[in-house]
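Protein sequence lines, in the order shown, are assigned to chains D and F.
In our numbering, each number is its position in the first sequence, counted from 1, plus 14.
In our numbering, each number is its position in the second sequence, counted from 1, plus 14.
Quick notes on the structure that follows.
Number of protein chains: 2
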Amino acid sequence: MKKIKFVEKTFDHPIPAVDIVILTIDQEKLKVLLIKMKKAPYEKCWAAPGGLVRTEESIDKAAKRSLFDKTGVKNIFLEQLYTFGKVNRDPFGRVVSVAYYALIPSKGIKLKTTEEYSGVEWFDIKNLPDLAYDHKEIINLAVKRLRAKLEYTNIVCNLLAKEFTVREMQKVYEIILNRKFDKRNFQKKIHSLGMIKKTDKKTIGEAYRPASIYVAKSKKFENVKVL
Amino acid sequence: MKKIKFVEKTFDHPIPAVDIVILTIDQEKLKVLLIKMKKAPYEKCWAAPGGLVRTEESIDKAAKRSLFDKTGVKNIFLEQLYTFGKVNRDPFGRVVSVAYYALIPSKGIKLKTTEEYSGVEWFDIKNLPDLAYDHKEIINLAVKRLRAKLEYTNIVCNLLAKEFTVREMQKVYEIILNRKFDKRNFQKKIHSLGMIKKTDKKTIGEAYRPASIYVAKSKKFENVKVL
DNA sequence: CCAAAAGTGTTTAATCTACACCCATGG
DNA sequence: CCATGGGTGTAGATTAAACACTTTTGG
Chain D
15 MKKIKFVEKT
25 FDHPIPAVDI
35 VILTIDQEKL
45 KVLLIKMKKA
55 PYEKCWAAPG
65 GLVRTEESID
75 KAAKRSLFDK
85 TGVKNIFLEQ
95 LYTFGKVNRD
105 PFGRVVSVAY
115 YALIPSKGIK
125 LKTTEEYSGV
135 EWFDIKNLPD
145 LAYDHKEIIN
155 LAVKRLRAKL
165 EYTNIVCNLL
175 AKEFTVREMQ
185 KVYEIILNRK
195 FDKRNFQKKI
205 HSLGMIKKTD
215 KKTIGEAYRP
225 ASIYVAKSKK
235 FENVKVL
Chain F
15 MKKIKFVEKT
25 FDHPIPAVDI
35 VILTIDQEKL
45 KVLLIKMKKA
55 PYEKCWAAPG
65 GLVRTEESID
75 KAAKRSLFDK
85 TGVKNIFLEQ
95 LYTFGKVNRD
105 PFGRVVSVAY
115 YALIPSKGIK
125 LKTTEEYSGV
135 EWFDIKNLPD
145 LAYDHKEIIN
155 LAVKRLRAKL
165 EYTNIVCNLL
175 AKEFTVREMQ
185 KVYEIILNRK
195 FDKRNFQKKI
205 HSLGMIKKTD
215 KKTIGEAYRP
225 ASIYVAKSKK
235 FENVKVL
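See the structure below:
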């Protein structure tokens, strides 16, 4: 059972924190938002944003707060990923980190980060810098989870703008899963799932034949067998 | 138990704990191991075993320790489930609980629990008693995860004895997923996945025609599309 | 009228589902 | 020799995969 003796004697416990893997699609790449570290031994490393969990807030709330502080965005996809609790994962103290991952639509949201912070950057997932703590492992797990969820949920909608074309959705799949799909089969599949709705709008201003614009029926989680 | 007022005041951080949902198949039912609570307001409730995470141990280690303390078993399937961190989930203090789930083979392991502790019992998952904290939610999530993993991994091997028949495996699926499978299709499927190996032994002593005995090729995690 | 992406159907292969009879053993 | 669960194959349905041409627009 949860022993008190230990508590009373030493007041010595690990401290819970959250770390957020913030992902987006940008310039046909899957990217993650990282923050430049300052303290040794990580002065040349980058890290996923995060922070300690306060006593008066839930861990979900702490995650939302960390996300908002770094990006200025609210109400985007944010889901718990895994909790990392090795003893020596943080050289500054015994910190247990509850990792989350967040998805930001590829356009339509302006992050405050790029203007305000100098040490905040988007990195291509295929070309990460040196990372602090166990954040490489955390980011890899987030990408793995995202890949898995693309295959059986409508999570892709959270990476697309409110309005999008089928081709844009297909590109998101191709970028994240590193493979190509046949566009006829892709259309057939996506339409049979009923997770998107055609509008009567079409893309304008772009060269070549305009594409029909779609919206997600729901960004909430639905289990659908996509692939 | 998980306390404590003065902890909250002194240390302004939540305290990490672990809770373990221990599952097994017994008498053709999926069962969970629970411990009787003593303290108000939970004196009529049961709870999944757990404990605080010590500073000098990883959370995985804390989970293994909690599991061993309650069951006396080591080296069984134990996987992190989810971290529960609502502010008021524990009336005794601000505790963040990293939940794990463990699978115990249906025979071949003797638990010390049943002999030593009076307040420890196996409960049919379909007939749970009143539960303390948010443990109902935790248990439900563990079962959900188990059901999901049955469908795309070889996790089932962790619920079977070292040696088993195909029919026993099928029963585990049927019990946990609440549905029947055609035995011909089931055999075909299982064999095509290559996750089990036939031995030259057969069941003896039981009435009727003996069944071939199989062993798992690996209990380690493999992704295989089972259903 | 040319370049480039949008949009659309069919054929084949693979997988899944449903289904019934004989076999081996203990009593 | 009987009762009971073990063990096996096939046909039809569904789903997935491969594949090419016509349409629409901007320049």
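The beta-carbon is built from N, C-alpha and C at its ideal position, and this holds for glycine as well.
Separation of N89/D and K176/D (C-alpha to C-alpha, rounded to the nearest whole angstrom) is 13 Å.
Interface with chain D (8 Å Cβ-Cβ cutoff): I29/F is included. Using a CB distance below 8 Å, no part of the stretch 157-178 of chain D faces chain F. In chain order, V67 and V110 place their CB closer than 6 Å to the CB of P30/F, counting only its own chain and leaving out the 5 sequence neighbours on each side. For T97/F, DSSP records a beta bridge to V112/F. The Cβ-Cβ distance between L37/D and L95/D does not fall below 8 Å. T85/D and F200/F have their C-alpha atoms roughly 50 Å apart. The C-beta distance from V186/F to Y228/F rounds to 13 Å, too long to fall under 8 Å, and the pair is not in contact. In the three-state scheme derived from DSSP, where H, G and I count as helix and E and B as strand, T179/D is classed as coil. D138/D does not reach chain F, its nearest Cβ partner there being about 27 Å away, counting only Cβ pairs nearer than 9 Å. The three-state reading of DSSP puts Y187/D in helix, counting H, G and I together. Within chain F, no residue has its beta carbon less than 9 Å from that of E151/D; the closest one is some 14 Å off. The criterion of a C-beta distance shorter than 8 Å is satisfied by A61/F and Y147/F.
Of H27/F, S120/F, D196/F and V32/F, the smallest CA-CA separation from I152/F is found for V32/F.
Cβ contact annotation for A77/F (same chain, cutoff 7 Å, sequence separation greater than five): V32, I34, L92 and Y114, in chain order. Against chain F, the beta carbon of D148/D has no neighbour under 8 Å; the closest one sits roughly 12 Å away. Runs of the alpha helix (DSSP H) lying entirely within the stretch 138-172 of chain D, each at least 4 residues long, are 149-166 in chain order.
Counting other Cβ atoms within 10 Å of its Cβ, F98/F reaches 16 or more and is therefore classed as buried. At a beta-carbon threshold of 7 Å, the residues of chain F lying near K100/D are S72, ordered along the chain.
Think of a sphere of 9 Å around the beta carbon of Y114/F: no beta carbon from chain D falls inside it, the nearest being about 10 Å out. For Y96/D, the chain F residues whose C-beta falls within less than 8 Å of its own C-beta are Q94, listed in chain order.
Using beta-carbon distances, D33/D does not count as an interface residue toward chain F, since no partner is under 8 Å. Counting the other Cβ atoms within 10 Å of the Cβ of F106/D gives fewer than 16, which makes it exposed. The shortest C-alpha to C-alpha distance from N172/F to any of L142/F, W136/F and I210/F is the one to I210/F.
Just so you know, the alpha carbons of E182/D and Y166/D end up roughly 19 Å apart.
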